[in-house]
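Visitor: If you scroll down you'll find the structure; I have some questions about it.
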Amino acid sequence: MISFNYENNFKLTNELKISNWLSTVINAENCKEDEINYVFCDDTYLHKLNIEFLNHDTLTDIISFDYSVGKTLQGDIFISTERVEENAIDFSVPFVEELNRVLVHGILHFCGYKDKTEADALLMRDKENYYLKTLV
Numbered sequence: 151m152i153s154f155n156y157e158n159n160f161k162l163t164n165e166l167k168i169s170n171w172l173s174t175v176i177n178a179e180n181c182k183e184d185e186i187n188y189v190f191c192d193d194t195y196l197h198k199l200n201i202e203f204l205n206h207d208t209l210t211d212i213i214s215f216d217y218s219v220g221k222t223l224q225g226d227i228f229i230s231t232e233r234v235e236e237n238a239i240d241f242s243v244p245f246v247e248e249l250n251r252v253l254v255h256g257i258l259h260f261c262g263y264k265d266k267t268e269a270d271a272l273l274m275r276d277k278e279n280y281y282l283k284t285l286v
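Residue numbering for the sequence shown follows this note's numbering, beginning at 151 and increasing consecutively.
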């Protein structure tokens with residue numbers, strides 16, 4: 151089950167559509183969906199988590215805590231809507247496109263994809279682009 155939680159004034163207007171899309175991604179990656187919680191927040195909230203849990207004193211758009219067991223996906227994905235908005239401006243894309251990229255990015259991490267090396271980041275970006283095209 152995918153759930154959406156809000157720690158700021160942001161609210162998805164199409165929760166069911168996004169949830170169904172992400173479930174389709176999970177199935178396409180031959181994984182099983184368990185409890186996945188998205189938490190939308192601001193930079194301050196996410197920065198605090200980044201320092202406390204990852205010892206990173208930087209702003210980020212997403213932090214995922216993966217509690218998956220094998221191919222059964224579960225975990226918490228925190229997204230700073232402020233950072234997504236800034237990134238959308240920096241990349242000259244609509245906010246909703248950048249938000250959807252970050253949403254699927256978190257799921258892909260749970261599916262086992264990494265992005266620390268250049269090769270891994272390229273594969274992750276290819277997967278994001280592929281799945282973004284399936285969101286109709």
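Note that CB positions come from ideal geometry on N, CA and C, so glycine has one too.
Note that the structure is a prediction, hence the values are computed from the model and not measured.
Candidates Ile229, Ser218, Ile176 and Asp216: which alpha carbon is nearest Phe145's?
Guide: With the chain covering only 151 through 286, there is no way to say anything about residue 145.
Visitor: Anyone know if the C-beta pair for Ser169 and Ile186 falls short of 7 Å?
Guide: no
Visitor: Which residue's Cα is closest to the Cα of Val246: Ile257, Val234 and Phe190?
Guide: Val234
Visitor: So His259 packs on Asp216, CB below 8 Å; how close in whole Å?
Guide: 6 Å
Visitor: I'd like the ranges of any beta strand (DSSP E) spanning at least 3 consecutive residues and lying wholly in the segment 198-236.
Guide: 212-216 and 222-230
Visitor: Residues in the same chain with beta-carbon distance under 7 Å from Asn158, minus the five sequence neighbours each way, listed in chain order, please.
Guide: Result list for Asn158: Phe190, Cys191, Asp192 and Thr231, in chain order.
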